[in-house]
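Structure record follows, encoded as structure tokens.
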Amino acid sequence: MNVVIISVVSMGTMGALFAIGLAYASKKFAVEVDPRIEEISSVLPGANCGACGYPGCDNFASAVAKGDAPSNGCPVGGAEVAEKVADIMGIDTDTDDEIKIARVICQGKTCHTSVKYQYDGIKDCRAAAKLGSGNKSCDYGCLGFGTCVDICSFDAIEIIDGIAKINPDKCTACGKCIDVCPKSVIDLVPYSQRVIVDCNSKDFGKKVKSSCVVGCIGCKLCERSCPFDAIHVEDNIATIDYEKCTNCGICADKCPTNSIWEDKSKKKKA
Amino acid sequence: MIELILLFVGTALVNNFVLVRFLGICPFLGVSKKVEVSAGMGAATTFVMTLSAIAAWFIQNYLLDPFGLSRFLQYVSFILVISSLVQLVEIVLKKVSPSLYDALGIFLPLITTNCAILGLALYIPIKDYNLIESSIFGLGAGVGFTLSLVIMAGIREELEFADVPEPLEGAGITLLIAGVLSMVFLGFSGLIAM
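Protein chains in written order, with numbering that gives the first Met the number 0: chain A, 0 to 269; chain B, 0 to 193.
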């Protein structure tokens with residue numbers, strides 16, 4: 000019993016002494032900070048995801064207060080947070096109306112592709128990609144080991160049938176998955192965009208055909224059929240100019256390999 | 000006097016905390032990208048190490064030993080001392096050198112859980128050092144830690160321009176270099192009998 004009392008008293012005293020010392024030091028060495036930094040931090044999402052390019056929300060807040068970062072620099076918070084931050088800073092809201100989300104531009108599910116070899120290593124795309132560009136038959140496609148799933152702070156990605164799928168309602172376009180993906184198969188597209196070239200392969204048509212059923216073979220049918228000059232084939236892959244695209248869906252209908260994806264659920268009926 | 004110098008050299012080189020005892024590997028790999036930052040980290044760690052060595056000696060000899068609490072309170076009390084010291088360093092550094100504070104970032108609070116510092120505190124009762132020896136031991140350990148960090152950072156700065164095979168890029172080549180450095184420090188073994 001005696002030992003218990005002694006240890007409690009001695010640890011308690013030590014703790015109290017250090018607390019007093021630290022309290023004194025924090026007073027003595029107090030650094031005056033811009034009060035706006037704290038205010039800005041309080042309206043930020045606080046996820047510390049790093050999408051703004053700063054290590055955390057606090058760093059972003061101090062950059063805004065200094066004028067180094069724009070008030071709408073937080074892609075996660077979007078327009079709502081940008082407005083609040085601008086209010087604190089006393090400047091006009093400068094928001095970009097177009098919400099963007101990340102999308103995996105690959106449809107190469109396990110049933111559409113084959114494997115080059117049996118991969119038994121670490122279940123991580125970055126590791127797999129170092130071994131002969133990964134075990135997937137297509138060198139550009141999603142490897143599906145879920146490196147993006149692990150890094151996503153918002154639980155927006157899951158692996159379905161061997162490829163990553165991003166939930167558009169959970170995605171905040173922070174861009175972490177884009178940075179971590181060794182295949183650069185994730186891209187930011189406007190939220191309202193309903194027609195997307197869902198292939199990343201820059202291989203020639205013949206090679207694409209042999210490695211994936213739903214790959215873009217660069218046939219240029221979409222380019223010729225587009226009434227708005229919004230889709231072009233470069234580097235053997237079709238690319239949509241989202242500024243010109245009207246989501247009419249003609250290219251998706253024409254595509255012989257169905258590599259252009261169209262969200263029919265949101266399509267307005269004529 | 001000569002014994003103290005030997006103790007200093009012995010802890011800094013022969014029994015280098017990072018490369019021979021393999022303590023404090025986390026900051027060794029994490030903060031060794033730039034020489035400047037790693038030197039700052041080394042200085043902060045040296046400061047905390049020296050102070051915590053002295054504090055550990057006092058606690059061991061005036062608190063733990065007389066009351067026979069060494070068995071179960073050693074770790075807790077040492078961690079308490081170390082974390083308070085780190086907090087102090089953080090407060091002072093924020094005021095004195097904001098640029099170093101920013102450069103160290105998350106690694107400064109991580110000194111709290113740096114096993115090199117706890118290891119140092121735990122070595123002191125084992126080695127039965129007196130107060131002066133303890134402080135020299137702490138200082139030597141800190142200097143050795145700084146030395147290994149700066150060497151590593153210097154190599155990694157040069158490595159930026161080297162043609163590293165793709166599978167070895169990043170962590171792979173860093174760990175290989177750490178292994179080679181450790182073998183180099185093996186050359187000091189037997190220099191001073193500790």
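We put the CB at the ideal spot given by N, CA and C, even for glycine.
Restricting attention to beta strand (DSSP E) runs no shorter than 3 residues, the segment 162-191 of chain B encloses none. Using a C-beta cut-off of 8 Å, the segment 74-86 of chain B makes contact with the segment 106-123 of chain B, since at least three inter-stretch Cβ pairs fall below that distance. The beta carbon of V149/B sits closer than 7 Å to those of V34, S37, A38, G41, all from its chain and outside the five residues before and after it, given in chain order. Just so you know, the alpha carbons of V232/A and K219/A end up roughly 6 Å apart. Residue-level contact check: K129/A touches chain B, since one or more beta carbons of chain B fall below 8 Å from its beta carbon.
Residue state for P124/B is assigned as helix, using DSSP reduced to three classes. Within the same chain, V36, G39 come within 7 Å of A102/B by CB-CB distance, once the 5 residues on both sides are set aside. In this structure the segment 108-115 of chain A touches the segment 150-161 of chain A; the number of beta carbon pairs closer than 8 Å is three or more. Between K182/A and G140/A the beta-carbon gap is near 7 Å, inside 8 Å, which marks them as a contact.
Shown here, I87/A sits in a helix according to DSSP, grouped into three states. Ranked by how close their Cα comes to the Cα of A64/A, the residues D33/A, C147/A, C73/A, G52/A have D33/A in first place. Secondary structure note for T238/A: its beta strand (DSSP E) is the uninterrupted segment 236-239. Taking C-beta atoms as the reference points, K32/B and A152/B count as a pair closer than 8 Å. DSSP, read as helix, strand or coil, puts K164/A in strand. By the C-beta density criterion, G141/B is buried, having at least 16 other C-beta atoms within 10 angstroms. Look at P166/B: its C-beta is under 8 Å from a C-beta on chain A.
The C-beta distance from V84/A to V42/A rounds to 6 Å, short enough to fall under 8 Å. Inter-residue distance for L72/B and N60/B is about 13 Å (C-alpha atoms, whole angstroms). For I156/A, the enclosing beta strand (DSSP E) begins and ends at 156-159. Bounds of the beta strand (DSSP E) holding E261/A are 259-261. Residues of chain A with a Cβ closer than 8 Å to the Cβ of V75/B are, in chain order, M10. Residue-level contact by beta carbon fails for F59/A and chain B, as no gap is shorter than 8 Å. The alpha carbon of V30/B has as its nearest neighbour, out of S76/B, L117/B, T145/B, L3/B, the alpha carbon of T145/B. Only those residues of the segment 18-43 of chain A whose C-beta falls short of 9 Å from the nearest C-beta of chain B are listed: A18, G20, L21, A24, S25, K27, F28, A29, V30. In the three-state reduction of the DSSP assignment, V19/B falls in the coil class.
Taken atom to atom, the span from the alpha-carbon of C51/A to that of G77/A is near 11 Å. Within its own chain, the residues whose Cβ lies closer than 6 Å to the Cβ of D240/A, once the five positions on either side in sequence are excluded, are A229, listed in chain order.
At least 8 Å separates the beta-carbon of L187/A from that of I195/A. C-alpha of A126/A to C-alpha of P44/A: approximately 32 Å in a straight line. Counting only Cβ-Cβ distances below 8 Å, V30/B has no contacts in chain A at all, with the closest Cβ about 14 Å away. In the structure shown, the three-state DSSP call for P255/A is coil. Taking the C-beta atoms as reference points, K164/A is found no nearer than 8 Å to C48/A.
In chain order, S6, S9, M10 make up the part of chain A whose C-beta sits under 8 Å from the C-beta of L72/B. Counting only runs of at least 4 residues, the segment 88-122 of chain B fully encloses the following alpha helix (DSSP H) elements, listed from N- to C-terminal order: 97-103, 106-109. Annotated three-state conformation of V194/A is strand, per DSSP. Scanning its chain for C-beta atoms nearer than 6 Å, with the 5 sequence neighbours on each side dropped, one finds around C124/A the residues L142, F144, T146, P181, in chain order.
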